[in-house]
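Enquirer: Counting in full-length UniProt numbering, the final residue of the sequence shown is number 303, and the numbers go up one at a time with none missing. Even glycine gets a Cβ: it sits at the ideal position worked out from N, Cα and C.
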Amino acid sequence: MNIKQLEAFVRIVKNKSFSQTAKELYLTQPTVSSYISSLEEDLGVQLFNRTTKEVHTTNEGEQIYLYAKDIVNLSNKIRNAFKDEEKEEVNEIIISASSIPAQYLLPGILANFSKRYPNTEFRIHETDSKGAVTDVAEHRSDLAFSGSIVPMSNCNFLPFYEDELILVTPNTEFYQNKQKEGDLSFLRKADFVMRENGSGTKKEAINLLTQMGLKPEELKVVARFANTGAILLSVKEGIGVAIVSRLAARNAIKNQELLDFPLQENGYFRKIYLVSNNHYPMSNRVKLFLQMMQNHVEKQKIL
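1. Considering only residues of the same chain and omitting the five flanking positions on each side of SER75, which have a CB-CB separation below 6 Å?
2. When burial is assigned at 16 or more other CB atoms within 10 Å of the CB, is LYS23 buried or exposed?
3. Below 8 Å on the Cβ atoms is my guess for ILE147 versus ILE272; work out the distance and round it to an integer in Å.
4. At which residue ranges does the region 56-123 contain complete alpha helix (DSSP H) runs of 4 or more residues, listed in the order of the chain?
5. So, helix, strand or coil for ALA242, using DSSP?
6. Report the three-state DSSP secondary structure of LYS203 (helix, strand or coil).
7. Take the Cβ of LYS87 as the centre, count every other Cβ of all protein chains shown within 10 Å, and call the residue buried at 16 or more, exposed below.
8. Between which two residues does the alpha helix (DSSP H) carrying VAL235 extend?
9. Give the secondary structure of SER19 by DSSP, where H, G and I count as helix, E and B as strand, and everything else as coil.
10. Is the region 123-140 close to the region 228-236, with three or more CB pairs under 8 Å?
11. Would you kindly work out how many angstroms separate the C-alpha atoms of ILE100 and ARG195, rounded to a whole number?
12. Name, in chain order, the residues that DSSP records as bridge partners for MET194.
13. Apply the 10 Å Cβ neighbour rule to VAL10 and answer buried if 16 or more other Cβ atoms are within range, or exposed otherwise.
14. May I have the straight-line CA-CA distance separating ASN277 from ASN156, to the nearest angstrom?
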C-alpha cells in the first residue's frame with residue numbers, strides 16, 4: 001500500500017470514474033487500474049463494483065474511504081509544510097443521517113451552509129440512527145444526524161432540533177370519532193406499523209407506549225419498514241396505525257389522507273442530534289459546519 005494508490009482510490013470515489021481520475025493524475029487508465037488492483041490485493045477486499053458505464057464503491061470501500069482521505073490529506077500537508085503557497089482546502093463533508101433528518105432537515109441545512117461556504121461537496125449516507133452514530137464512531141463519516149442517542153464513548157451529541165412524534169391513523173369514520181373524543185384507548189387492540197430495529201423513531205415510540213402502559217410484548221406489530229414513507233402509505237391503506245414524525249406526515253395530514261393524534265396534552269417531542277467524534281481530526285470545512293450548528297443551537301436555546 002502506498003500514497004499513490006490511496007490518492008487514486010480517493011479520487012475515484014469522488015469522480016466515480018477511472019478515466020477522469022487518470023486525467024487528473026496525469027496517468028494512463030491502465031496505471032490507475034493497476035494501482036487499485038494492487039491496493040485491493042494488499043487489503044484483501046474489493047473496493048469498487050465496476051460496469052462498462054459506472055463505478056460504485058463497495059461497503060468495504062466506503063469503510064476505508066475516510067481513512068484513506070485522511071492519509072492523503074496528511075501527505076499533502078507534509079509536502080506543503082515548507083512551501084509559500086497555501087494548501088488547497090479540503091471542502092468535502094461526509095454525513096450519515098437517519099431518515100427524518102436526512103429527508104426533512106438536511107436539505108435546508110446544507111443549502112444554508114453552501115450559501116456561506118460555496119464549493120462544499122457533501123456525501124450523504126442515509127441509514128438508521130444506530131447506523132449513523134456507528135459511522136461517526138468508526139470514522140466512516142465526519143458527522144451524523146440521529147433521532148436518538150446511541151451510547152458510544154467517543155461520540156458527542158448536540159441536540160439541535162425538537163421533533164414532534166404523533167400517532168397517525170387511516171382517515172375513516174371510526175378514527176374520526178376517536179379523534180373528536182381525544183380517545184387513545186383503542187391502541188391496546190390496534191395493529192401497529194413500525195420502523196426497523198435501530199430506528200430512533202421506533203426507540204422513542206416504544207418508550208412512549210411503555211409510559212402509556214403498553215408493554216412492547218403486548219403490541220400487535222403487523223409490519224415493519226426501513227423507511228417512513230412506506231409506513232405512511234401502509235397506514236393510508238388501512239394496514240394499521242403508526243407513530244411517526246410530524247415532519248414526515250404533514251403533507252398527508254394536510255391532504256386529509258391520514259388523521260393525526262397528539263400523544264401527550266402538549267405534544268410529545270424528541271430531540272434530533274448532531275453527532276461528532278473529537279477523537280479524529282476535522283477538516284476546516286467540517287469545523288465550520290459544526291460551528292454553524294452550535295450557533296443555531298445557542299440562538300434557538302435548545303438544551
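Expert: Reading from the atomic positions:
1. Setting aside the 5 residues that flank it on each side, SER75 is surrounded in the same chain by ILE3, each with a C-beta closer than 6 Å to its C-beta; the list follows chain order.
2. It is exposed - the Cβ of LYS23 has fewer than 16 other Cβ atoms within 10 Å.
3. Note that residue 147 is Gly in the sequence shown here, rather than Ile. Indeed they touch by this definition, with Cβ atoms about 6 Å apart.
4. Runs found: 59-80 and 106-116.
5. Of the three classes helix, strand and coil, the one that applies to ALA242 here is strand, per DSSP.
6. In the three-state scheme derived from DSSP, where H, G and I count as helix and E and B as strand, LYS203 is classed as helix.
7. Low confidence applies to LYS87: its pLDDT is 48, below 50, so where it sits in the model is not reliable, and the reading given next is rough at best. Exposed, since its Cβ has fewer than 16 Cβ neighbours within 10 Å.
8. Note, VAL235: alpha helix (DSSP H), 228-236.
9. Helix, per DSSP.
10. Segments in contact, no.
11. ILE100 and ARG195 have their C-alpha atoms spaced approximately 12 Å apart.
12. In the DSSP assignment, the residues bridged to MET194 are ARG224.
13. With 16 or more other Cβ atoms inside 10 Å of its own Cβ, VAL10 counts as buried.
14. Whole-angstrom Cα-Cα distance: 6 Å.
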